Amino acid sequence: MKTAVPQTLRNLGRAAAVSVAAGLTFGAAAAHADTTLYVGAYGGSFEQMLKKDVIPGFERANPGTKVVIVPGDSTTTLAKLQAQKGKAGMDVVFLDDGPMYQAIQMGFCGKLADAPVYQDLYDIAKFKHGNAVAAGLIATGIAYNTRLFQARGWPAPTSWKELSDPKYKGKLVMPSIKNTYGLHALLVESKLNGGSDANIDPGFREMEKIAPNVLSFDPSPGKIAELFQADEVALAVWGNGRVQALRQQGIPVEFVYPKEGAVALGMGMCAVDKSANDALAQKFIQMILSPQTQAVLAESQGVAPANKKTQLSMSVAARVPSPAQIDKLVRVDWDVVNARRAEWTQRWNRQIER
C-alpha cells in the first residue's frame, strides 16, 4: 500500500477529489434529469461521511441526480428489502457480508455490471456470486483497555484463547451472536478447537468457558465506549474500525490482530435487483470503489480499502488492516453459516447468554 495521497487531490479536497474521480473514471454523462437514487446505508458517522465527502461529488458528476440516504444497520436494511419486495424503494444497499449473502440468496441483489475497477480489488472483496462487492474490509479481533492493562501489569493480549482466562472474569464484552462480531468469535473459537463453520459444537463448548468472563453481551458502541472509559472492562471482541472510533473519543483502547488470525468482515454493497435506476446505481458502486473514495472511507471509517491501488497517508495506513494483514484474515463461509444461524441463535440463548 502506498503512503502518500497525490498533492493535487489533497489540494482539491475530499468531495472535489471524489467528483474528479467520478468524472474521469466513469464519465460525466448526465443521468436522467431529476433522478433520485436511494441508498440504504449505515447511519451515524458513515452516513455523515457519505453526505459530506462522497455524495456531493457524485451529484456534480451526474447532473440532475439527487442521492438520498436511507439509514439503518444491516438487519434493518435487510428487513426493508424484504418489505419492499420488488416495489420502488432502495437502489443501492450497504450490508455486512453475512446479511449481504442472505440478500443475494433472497434475490434482492442484481448482477454487478462489468467495469475496469473490479480488476483492481483484493480477491477477498469479491463476493463469489458476482452480485455484490465489499466497499471496504474490517478485521474482527480483540480490543483491550490500555490504561487498565498497564495498571494491572498485564501484557497485551495476543490470542483468541485468552478470552477464557479467569483473570478477566467480569471484564469482557462479547457481542451477542445476533451481532456479526459475536458470531465471528463463535466461529473462530470453533475452528481453533477442532471444529469448522459447519461443525460449531467445539465453538459452543469454548464459549461456555468464556461466558463467566462476560460483563455485557450488548454490542452498542455507546455502551462499550462507556464501559471502557470507566475501566469496567478490559477486553472486547470488536472491529478495528470501531476501535478507531473509540480512540477518536479519547478512550484508551488498542486493537489486536490475534496470532491465529483476525476474522474478515466485508462492508458489502450491491445494486438492488430490478431497480429503475440500475445504471446510476452501478455508477455509484463503481465510484465507491475508486481509489479516491476508498481513501476517504479508510480515513473516516477505519476500513481497509478493497481497491489495491488506493493511496493512503502513513497515519491512515497505520490504522487499517495492511495488505499483509488482509491476506491473513480468516474467511467465513456465509452460505453454510446463514443456513444454521437461526438454530445457533436459539442455542446461544439457552447455553451462553443466560
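When you line the sequence shown up against mature numbering (1 follows the signal peptide of the UniProt record, and there is no 0), it's residues -33 to -1, 1 to 321, in that order.
C-beta: ideal position from N, C-alpha, C; glycine also.
For clarity, every value in this text was computed on a predicted model and none was experimentally measured.
Quiz prompt | Backbone secondary structure at G(-7) - three-state DSSP | solution = With a pLDDT of only 37 at G(-7), under 50, the local geometry of the prediction cannot be trusted, and the value read off the model is given with reservation. Residue state for G(-7) is assigned as coil, using DSSP reduced to three classes.
Quiz item: What are the start and end residues of the alpha helix (DSSP H) that includes V251?
Solution: It should be pointed out that residue 251 corresponds to Phe in this sequence rather than to Val. Taken as a continuous stretch (DSSP letters only), the alpha helix (DSSP H) holding F251 covers D245 to I255.
Exercise. Report the three-state DSSP secondary structure of F116 (helix, strand or coil).
Key: helix
Self-check item: Reduced DSSP secondary structure (H/G/I, E/B, other) of G189
Solution: helix
Exercise. Please look up how many angstroms separate the CB atoms of A248 and L4, rounded, as I've assumed it's under 8 Å.
Key: A Cβ-Cβ separation of about 7 Å places A248 in contact with L4 under the 8 Å criterion.
Exercise. Taking only runs that begin and end inside the stretch 97 to 181, name each unbroken beta strand (DSSP E) of 3 or more residues, in chain order.
Key: 100 to 112
Quiz prompt | Three-way DSSP call (helix, strand, coil) for Q86 in this model | solution = helix
Exercise. Could you tell me which of N180, S41 and F94 sits nearest to E129, measuring between CA atoms?
Key: Of the listed residues, the one whose Cα sits closest to E129 is N180.
Quiz item: On the premise that V239 lies in contact with G77, defined as a C-beta separation below 8 Å, what is that separation, rounded to the nearest angstrom?
Solution: 7 Å
Practice problem: State buried or exposed for S187, treating a residue as buried only when at least 16 other CB atoms are found within 10 Å of its CB. | Solution: exposed
Quiz item: What's the C-alpha gap between H151 and P30?
Solution: 42 Å
Quiz prompt | Selected residue, minimal CA-CA separation from R298, among K52, Y85, D164 and R114 | solution = D164
Quiz item: How about F234 and A102: do their beta carbons lie closer than 7 Å?
Solution: First, the residue type needs correcting, since residue 234 is Met and not Phe in the sequence shown. Contact annotation: M234 and A102 have beta-carbon atoms nearer than 7 Å.
Quiz item: In three-state DSSP terms, what is F25?
Solution: helix
Quiz prompt | Where residue 322 falls, given that 16 or more other Cβ within 10 Å makes a residue buried | solution = The question about residue 322 has no answer here: the residues shown for the chain are numbered -33 through 321.
Self-check item: Nonlocal neighbours in the same chain, by C-beta distance under 8 Å from N112, ignoring five residues either side
Solution: F195, D198, V200, A201, L202, P219 and V220
Exercise. Report yes if the CB atom of L296 is closer than 7 Å to the CB atom of N274, and no otherwise.
Key: no
Quiz item: Under the three-state reduction of DSSP, which class applies to G74: helix, strand or coil?
Solution: Correct three-state label for G74: coil.
Quiz item: Using CA coordinates, which residue listed in G228, G65, A99 and Q215 is at the minimum distance from A306?
Solution: G65
Quiz item: For P272, which residues does DSSP report across the bridge?
Solution: DSSP lists G103 as partners of P272.
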